[in-house]
Amino acid sequence: MDLILSSTSSSISHHKIFTGFSSKQDSRHGVEQFGSLNLKAMPEEKALVVTNGSSNNKIPHVLTMAGSDSGAGAGIQADLKTCAARGVYCSTVITAVTAQNTVGVQDVNILSEESVAAQLKSVLSDMHVDVVKTGMLPSTAMVKILLDSLKQFPVQALVVDPVMVSTSGHVLAGSSILDTFRQDLFPLADIVTPNLKEASALLGGLQLETVTDMRSAAKSLHDMGPRNVLVKGGHLPSSTYAIDIFFDGKDFYELRSSRIQTINTHGTGCTMASCIAAELAKGSSMLSAVKVAKRYVETALEYSKSIIVGNGSQGPFDHLFKLNRKKSSTQQLFDPSDLFLYAVTDSGMNKKWGRSITDAVKGAIEGGATIVQLREKEAETGEFLEAAKACLEICRAHNIPLLINDRVDIAMACDADGVHVGQSDMPVNTIRALLGPEKIIGVSCKTPEHALKAWADGADYIGSGGVFPTNTKANNRTIGLDGLETVCLASKLPVVAIGGINLSNAKSVMELGVANLKGVAVVSALFDQECVVTKTRKLHELLTETVANVGPAMV
Ligand SMILES: Cc1ncc(COP(=O)(O)OP(=O)(O)O)c(N)n1
Ligand SMILES: Cc1ncsc1CCOP(=O)(O)O
Ligand SMILES: [Mg+2]
Numbered sequence: 001m002d003l004i005l006s007s008t009s010s011s012i013s014h015h016k017i018f019t020g021f022s023s024k025q026d027s028r029h030g031v032e033q034f035g036s037l038n039l040k041a042m043p044e045e046k047a048l049v050v051t052n053g054s055s056n057n058k059i060p061h062v063l064t065m066a067g068s069d070s071g072a073g074a075g076i077q078a079d080l081k082t083c084a085a086r087g088v089y090c091s092t093v094i095t096a097v098t099a100q101n102t103v104g105v106q107d108v109n110i111l112s113e114e115s116v117a118a119q120l121k122s123v124l125s126d127m128h129v130d131v132v133k134t135g136m137l138p139s140t141a142m143v144k145i146l147l148d149s150l151k152q153f154p155v156q157a158l159v160v161d162p163v164m165v166s167t168s169g170h171v172l173a174g175s176s177i178l179d180t181f182r183q184d185l186f187p188l189a190d191i192v193t194p195n196l197k198e199a200s201a202l203l204g205g206l207q208l209e210t211v212t213d214m215r216s217a218a219k220s221l222h223d224m225g226p227r228n229v230l231v232k233g234g235h236l237p238s239s240t241y242a243i244d245i246f247f248d249g250k251d252f253y254e255l256r257s258s259r260i261q262t263i264n265t266h267g268t269g270c271t272m273a274s275c276i277a278a279e280l281a282k283g284s285s286m287l288s289a290v291k292v293a294k295r296y297v298e299t300a301l302e303y304s305k306s307i308i309v310g311n312g313s314q315g316p317f318d319h320l321f322k323l324n325r326k327k328s329s330t331q332q333l334f335d336p337s338d339l340f341l342y343a344v345t346d347s348g349m350n351k352k353w354g355r356s357i358t359d360a361v362k363g364a365i366e367g368g369a370t371i372v373q374l375r376e377k378e379a380e381t382g383e384f385l386e387a388a389k390a391c392l393e394i395c396r397a398h399n400i401p402l403l404i405n406d407r408v409d410i411a412m413a414c415d416a417d418g419v420h421v422g423q424s425d426m427p428v429n430t431i432r433a434l435l436g437p438e439k440i441i442g443v444s445c446k447t448p449e450h451a452l453k454a455w456a457d458g459a460d461y462i463g464s465g466g467v468f469p470t471n472t473k474a475n476n477r478t479i480g481l482d483g484l485e486t487v488c489l490a491s492k493l494p495v496v497a498i499g500g501i502n503l504s505n506a507k508s509v510m511e512l513g514v515a516n517l518k519g520v521a522v523v524s525a526l527f528d529q530e531c532v533v534t535k536t537r538k539l540h541e542l543l544t545e546t547v548a549n550v551g552p553a554m555v
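Residue 414 in my numbering sits at position 414 of the sequence shown; the count goes up by one each step and never skips.
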C-alpha cells in the first residue's frame with residue numbers, strides 16, 4: 001500500500017531481545033522527504049529498539065562479517081569507516097582477503113571455516129554486540145557457522161547485504177549459496193539489502209528494469225522471510241535519481257536521492273548496509289536507519305565526487321568527510337510535528353519591547369513553541385553567532401530544534417539544528433552537502449513547482465505564505481488560504497503556514513485540514529507583543545483545540 005499516513009506496529013524480531021527506549025526520532029507523520037531522498041509513504045514507524053539499556057558507558061556496537069578489500073573502498077574497510085563516521089564501534093570477522101583496487105579484483109583468498117568460527121566466538125563471547133551485518137559470505141558453511149554463533153550469542157538485529165558480485169564484475173559468492181541465503185539466512189534477517197543484480201539472482205534470474213519490477217522483487221524477497229527488504233536501484237537504467245524500494249511487509253517506500261555524477265561509487269552497497277546497522281545499533285527504527293543511510297551515502301558521494309584514488313574506472317569515496325567538522329551529539333532530528341507552533345524571531349520587535357533575543361526564545365518555548373527560527377535580518381555576523389549559540393543552549397535544554405534563517409554559515413558555526421531559506425538563498429542541495437544528512441532544511445514555497453523542487457532537492461519541510469497580508473516581510477506576495485491549500489496538496493513534504501497568522505485567523509488555517517499542513521509559523525503575533533509567553537501559550541491552546549476538532553490528519 002502507498003501513502004499510508006499512520007500505522008503502528010511493534011514487530012519485534014524473532015531471534016533477539018530488545019531493550020531500550022522509544023525516541024523522538026521514531027515519531028514521524030505524513031509524507032516526508034529527507035535530503036534528496038523522497039519518501040513517498042511515511043507511516044508511523046515501528047520502533048526497532050536496539051540500545052544497550054543499562055550502562056551509559058556502552059557504545060553502540062556493530063559486528064561486520066565480510067571480506068577484506070585491500071583498496072579499502074568496500075568490504076570490511078568500508079564497514080569500519082562507516083561505523084566510525086556514524087559514531088558506532090565496529091568489530092570484524094573477516095571471511096576472505098581480496099586483493100582489489102580501482103581496476104578490479106586480482107585475487108580472493110577465502111579464510112578457513114575454523115578461522116571464521118574462531119573470530120565470531122572471540123568477539124561474541126566477550127563483547128556486547130548490538131547488530132550483526134553480513135557482507136561477503138563465500139560459502140554455505142560460513143553462513144551455517146554464523147547462524148550457529150547467533151543461536152549461542154543472540155544479537156538485537158541482523159542486517160544482510162547479500163554480496164555476490166564485485167562492482168567490477170568479479171563473483172564473490174557463487175550461485176550455490178543462493179539456497180542457503182534464501183532458506184537459512186533470510187528468515188533471520190531484519191533487513192536484506194540486495195542491489196538489482198543480487199535481487200535478480202536471488203529470484204532466479206528475473207529481469208529487473210523498472211521501479212515496478214523492484215517493488216515486485218522486494219515483495220518476493222520479503223516472502224523468503226526477512227522482516228524488511230531494501231532493493232537498491234543504483235544501476236537502474238535511465239533514471240535521474242538513485243531510487244531504492246524499501247518494503248516492510250506492509251508498506252512500500254520509494255526512496256530517492258540525486259544521482260551523483262562520479263566514478264567514485266565503489267563500496268556504496270557495503271556502506272549502505274553498515275550504516276543501516278550502525279543506526280539500528282544507536283536505537284533508530286528501521287525506516288529511520290534506512291533514510292539516514294541513504295542520505296549518508298549520497299552526501300559522502302557528493303563530497304567525494306572529484307577525489308582521485310587509483311587509476312581504474314571505479315574509485316572509492318571518502319566515508320569520513322565529516323571528520324574535521326564539529327560533531328553534535330544532541331542534534332534534533334526532524335519530526336514534522338515539530339512544525340506545530342513555529343516561533344520566528346525578529347530583532348526589531350524584541351528591541352522595541354526591550355527584551356533580549358534569548359529572553360524572546362525562552363518566552364516562546366515556555367509558551368509552547370515547538371520549533372524556533374532565528375530571523376535576525378539586521379544583526380551583524382559576530383553578534384548573530386553569539387546570539388545563536390546562546391539560543392541553541394536554551395533550545396537544546398528543552399529539546400526544541402533551533403533553525404537559522406538564511407545564514408548557513410551561522411548554522412554551521414554554532415551547529416544549529418538546521419536552516420530555513422528562501423527561493424533566492426543558497427540552493428538546498430548545496431546546503432545539504434554542506435550540512436550533512438541530519439540537519440533540518442526548510443524552504444519557502446509559494447507554488448506547487450517550488451514545493452516539488454524543494455522535495456527533489458532534499459529539503460525536510462516547506463514554509464508556505466504569506467497566507468495573510470503582513471508588515472513583517474516587505475514586498476511579499478500574499479497567497480491566501482487557497483494558495484496555501486494548493487501548495488499543501490501538491491507538496492510531498494510537510495508544510496508550515498506563514499504570514500500574518502495570529503490568534504484571530506490561525507483557526508482558519510488549521511481548519512483547511514490538509515494532511516501535510518503541520519502547523520503555523522509566526523513572528524509578530526508572538527514577538528511584537530508585550531508578553532511572549534502569554535501570546536505563545538494562547539496560540540498553542542487555540543491550535544491544539546482546532547486540531548482536536550479537525551481530526552487526526554492534522555496531528
Ligand atoms: C517557516 C518559514 N517559512 C518561510 C519563511 C520565509 O523565508 P524567506 O522566504 O527566506 O524570507 P525571509 O524570512 O528570509 O525574509 C521563513 N523565514 N520561515
Ligand atoms: C518571513 C515571512 N515569510 C513569509 S511571510 C513572513 C512574515 C511572517 O511574519 P508575521 O507572522 O509577523 O506575519
Ligand atoms: Mg531568506
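Positions of the beta carbon are idealized from the N, C-alpha and C atoms, including for glycine. Keep in mind it's a predicted model, so treat the numbers as computed, not measured.
Going by the C-beta, is residue i closer than 7 Å to any heavy atom of ligand 3?
i, result
"ASN475", "no"
"GLY348", "no"
"GLY422", "yes"
"ASP409", "no"
"ASP425", "yes"
Taking all protein chains shown into account, do 16 or more other C-beta atoms lie within 10 angstroms of the C-beta of residue i, making it buried, or fewer, making it exposed?
i, result
"THR381", "exposed"
"GLU279", "buried"
"ASP335", "buried"
"ASN516", "buried"
"HIS235", "exposed"
"ASN57", "exposed"
"ILE276", "buried"
"LEU561", "No statement about residue 561 is possible, as the shown extent of the chain runs from 1 to 555 and does not include it."
"LEU48", "Below a pLDDT of 50, predicted positions are generally treated as unreliable, and LEU48, at 40, falls in that range; the measurement from the model is reported next regardless. Result: buried."
"VAL103", "exposed"
"GLN100", "buried"
"GLU298", "buried"
Hey, residue i and residue j are a contact pair by Cβ (cut 8 Å); roughly how many whole angstroms apart?
i, j, result
"LEU196", "LEU208", "5 Å"
"ILE145", "LEU120", "7 Å"
"ASN502", "ALA525", "4 Å"
"PRO437", "ARG295", "3 Å"
"MET142", "THR95", "6 Å"
"VAL443", "ALA459", "5 Å"
"LEU481", "VAL523", "Contact doesn't hold; Cβ gap of about 19 Å is too wide."
"VAL116", "VAL93", "6 Å"
"ASN394", "VAL419", "The sequence shown places Ile at residue 394, rather than the Asn named in the question. ILE394 to VAL419, Cβ: 18 Å. No contact."
"GLY499", "THR536", "Not confirmed; about 18 Å, so no contact."
"ALA218", "LEU206", "Their Cβ separation, rounded to whole angstroms, is 12 Å, which puts ALA218 and LEU206 out of contact at 8 Å."
"LEU403", "LEU543", "LEU403 to LEU543, Cβ: 19 Å. No contact."
Do residue i and ligand 1 come close, with the Cβ less than 7 Å from some heavy atom?
i, result
"TYR342", "yes"
"ASP406", "yes"
"GLN373", "yes"
"ILE307", "no"
"GLY500", "no"
Are the beta-carbon atoms of residue i and residue j separated by less than 8 Å?
i, j, result
"ALA66", "THR134", "yes"
"LEU301", "THR262", "yes"
"PRO237", "VAL192", "no"
"ALA201", "SER175", "yes"
"ILE357", "ALA387", "yes"
"VAL495", "LYS518", "yes"
"VAL467", "LEU484", "yes"
"VAL105", "HIS61", "no"
"VAL361", "VAL372", "yes"
"TYR303", "ALA433", "yes"
"ALA189", "VAL160", "yes"
"ILE410", "LEU435", "no"
"VAL487", "ALA451", "yes"
"ALA78", "CYS270", "yes"
"ASP415", "PRO401", "no"
"SER149", "ILE177", "no"
"PHE527", "ASP359", "no"
Any chance the CB of residue i is under 7 Å from a heavy atom of ligand 2?
i, result
"VAL419", "no"
"VAL565", "Look at the range of the chain in this structure, 1 to 555, and you will see that residue 565 is not part of it."
"THR544", "no"
"THR470", "yes"
"SER508", "no"
For ligand 4, any of its heavy atoms closer than 7 Å to the Cβ of residue i?
i, result
"GLY465", "Ligand 4 is not among the ligands present in this structure, which contains only ligand 1, ligand 2 and ligand 3."
For residue i, decide whether its Cβ has a neighbour in chain B, counting only Cβ atoms nearer than 8 Å.
i, result
"ALA525", "Within the model displayed, chain B is absent; a lone protein chain is all it includes."
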